[in-house]
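Taking it in order: structure first as structure tokens, then the write-up.
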Amino acid sequence: MRPKHFQWRVEDRVGVVTLNRPERKNPLTFESYAELRDFFGNLKNEKNVSAIIVTGAGGNFCSGGDVHEIIGPLTKMKLPQLLEFTRMTGDLVKAMRHCPQPVIAAVEGVCAGAGAILAMASDLRYAAPSAKVAFLFVRVGLAGCDMGACAILPRIIGQGRAAELLYTGRSMSADEGLAWGFFNQVIEPVLPRALAVAKDLASGPTLAHAVTKKMLHQEWNVTVDQAIDMEAVAQAELMQTKDFLRAYEAFAAKKKPIFQGD
């Protein structure tokens with residue numbers, strides 16, 4: 034894959050997506066939204082990539098939709114065109130949630146609007162002390178219900194905290210995000226820490242990680258009893274994998290298992 038609107042590199046089975054418009058704090062455009070959507074949608078076919086990092090260049094994560102390249106044109110569109118855009122941006126979040134690889138956000142500096150959504154849609158989030166997260170849709174006269182925010186954010190930080198951020202559009206500091214459970218860790222520098230976590234996940238039982246991600250997503254919409262039944266089936270199927278046998282044989286031999294994702 035050779036994307037046009039962001040940088041992509043692979044290192045030790047970890048793929049790194051770098052939003053790369055540092056002079057503008059890495060905003061998104063119609064084209065980069067669409068390319069990111071297609072990119073994450075195709076990750077299921079990338080057998081040599083087992084974990085993903087999303088980050089930004091130049092000390093900032095992402096400032097959201099570009100004011101002149103997105104917001105300006107949106108004010109001139111009719112409802113069918115607007116729906117095409119909002120559904121496309123939502124499809125990016127769906128693609129991030131449905132790709133089998135764990136997605137890790139490494140956040141520095143500005144993380145606003147759609148940038149905050151990209152961090153929210155990731156599976157794990159690590160921040161530099163400079164990180165400031167703002168779901169600022171209200172600041173441009175829009176609702177907080179953008180790209181799944183009203184469904185996903187309350188599950189991460191709680192309903193009341195999410196409501197405050199979505200109603201006010203204010204910035205959440207790195208320390209506040211850590212205390213509220215949005216960030217898994219605040220550390221400087223952040224990218225090496227995110228890479229270390231991603232490499233650890235990539236060397237683990239990646240098929241099992243994909244099932245964990247799938248179940249974390251699917252079990253939002255079922256009862257606890259249904260979830261228990263779903264997990265029973267998932268674990269029984271994973272107990273037939275070679276990785277499960279490798280783990281047992283390594284334990285018996287007092288060695289560390291070498292997982293191969295099958």
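Its first residue numbered 34, the sequence shown is counted upward by one per residue in our numbering. No residue lacks a Cβ here, since even glycine has one placed at the ideal position from N, Cα and C. The model shown is predicted, which means the values in this text are computed figures rather than measured ones.
Alpha helix (DSSP H) segment containing residue i, residue limits
{"i": "Glu141", "result": "Here Glu141 belongs to no alpha helix (DSSP H), and DSSP marks it neither H nor E."}
{"i": "Leu123", "result": "Checking the sequence shown, residue 123 turns out to be Gly, not Leu. 112-131 is the span of the alpha helix (DSSP H), which, as asked, contains Gly123."}
{"i": "Gly48", "result": "Not the alpha helix (DSSP H): Gly48 falls in the beta strand (DSSP E), residues 47-52."}
{"i": "Ile150", "result": "147-154"}
{"i": "Ile185", "result": "182-190"}
{"i": "Thr239", "result": "239-251"}
{"i": "Gly74", "result": "63-75"}
{"i": "Val257", "result": "257-271"}
CB-CB length for residue i against residue j, believed under 8 Å
{"i": "Leu186", "j": "Leu199", "result": "7 Å"}
{"i": "Asp276", "j": "Ala241", "result": "7 Å"}
Sequence-distant residues of the same chain with beta carbon closer than 6 Å to residue i, five excluded per side
{"i": "Pro133", "result": "Lys77, Ala243"}
{"i": "Ala152", "result": "Ala138, Val140, Cys144, Arg158"}
{"i": "Glu252", "result": "Ala260"}
{"i": "Ala161", "result": "Glu141, Glu221, Val223"}
Short Cβ contact (8 Å threshold) for residue i with residue j
{"i": "Gly90", "j": "Thr51", "result": "Before going further, note that residue 90 is Ala rather than Gly in the sequence given. Cβ distance < 8 Å, so Ala90 and Thr51 count as in contact."}
{"i": "Val136", "j": "Ile85", "result": "yes"}
{"i": "Val47", "j": "Leu228", "result": "yes"}
{"i": "Arg172", "j": "Gly148", "result": "no"}
{"i": "Val82", "j": "Val43", "result": "yes"}
{"i": "Leu69", "j": "Leu125", "result": "yes"}
{"i": "Asp156", "j": "Lys246", "result": "yes"}
{"i": "Met248", "j": "Met263", "result": "yes"}
Where residue i falls, given that 16 or more other Cβ within 10 Å makes a residue buried
{"i": "Asp45", "result": "exposed"}
{"i": "Thr122", "result": "buried"}
{"i": "Ala195", "result": "buried"}
{"i": "Tyr66", "result": "buried"}
{"i": "Asp233", "result": "exposed"}
{"i": "Ile291", "result": "exposed"}
{"i": "Arg120", "result": "exposed"}
{"i": "Gly98", "result": "buried"}
{"i": "Ile184", "result": "The displayed chain sequence assigns Ala, not Ile, to residue 184. By the neighbour-count rule (16 or more Cβ atoms within 10 Å), Ala184 is not buried but exposed."}
Residues near residue i in its chain [Cβ-Cβ closer than 7 Å; skip 5 each side]
{"i": "Ile190", "result": "Trp213, Gly214, Phe215"}
{"i": "Arg226", "result": "Tyr159, Gln218, Ile220"}
Residue range of the beta strand (DSSP E) that includes residue i
{"i": "Gln40", "result": "40-44"}
{"i": "Ala160", "result": "157-160"}
{"i": "Ser206", "result": "204-206"}
{"i": "Lys165", "result": "165-167"}
Test: residue i CB closer than 8 Å to a CB of chain D
{"i": "Tyr159", "result": "In the structure shown, chain D cannot be found, because there is only a single protein chain."}
Own chain, CB closer than 8 Å to residue i, minus 5 neighbours either side, in chain order
{"i": "Met205", "result": "Lys165, Val166, Ala167, Leu198, Trp213, Phe215"}
{"i": "Leu115", "result": "Leu107"}
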